[in-house]
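Mapping the sequence shown onto full-length UniProt numbering, position 65 (from 1) lands on 65, and the numbers just tick up by one.
Cβ coordinates follow ideal geometry from the N, Cα and C atoms, glycine included.
What follows is one structure encoded as structure tokens, with my remarks underneath.
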Amino acid sequence: MEILESTIRILRNTYRREHRKIQASLRSGASADDVYVSRLWYFKKLHFLGDQTEARESVSTLPSTLPSTFPCSLPFTLPSTPAETAEEQPGPSILEEADCPNINDVN
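Written out as structure tokens, the structure is:
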């Protein structure tokens, strides 16, 4: 029985692989002469499997809504010219200006 199940699985996988190659060549915009043609002698005999190879509906693992703002926003502006950067005095670090809780401040 295991040999039969294995043979069926192999035939189905081979058919799906060949079918995908044909579909990919059709989507690529190839001319009718350039469309992939399977060389398997039994490929046409397995066309009844075509109904069973429909793609399933995908399930998203992402949340349906994303937060509109991040919990912590860093103020950041780029200087408009490199000359402005050279003339300005160094100021506080961007991380010092952030209103984010520090990981080390755990009670």
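Item: Note down the Cα distance separating Ile-8 from Thr-65, rounded to an integer number of angstroms.; Value: 43 Å
Item: Would you report the Cα separation of Ala-48 and Ser-60, rounded to the nearest angstrom?; Value: One point to set straight first is that residue 48 is Phe, not Ala, in the sequence displayed. Rounded to the nearest angstrom, the two C-alpha atoms are 30 Å apart.
Item: Answer yes if the region 11 to 19 comes into contact with the region 35 to 44, meaning at least three C-beta pairs across the two stretches below 8 Å, and no otherwise.; Value: yes
Item: What residue does the alpha helix (DSSP H) around Ser-25 start on, and which one ends it?; Value: 2 to 27
Item: In chain order, what residues of the same chain have a beta carbon less than 8 Å from the beta carbon of Phe-43, not counting five sequence neighbours either side?; Value: Tyr-15 and Glu-18
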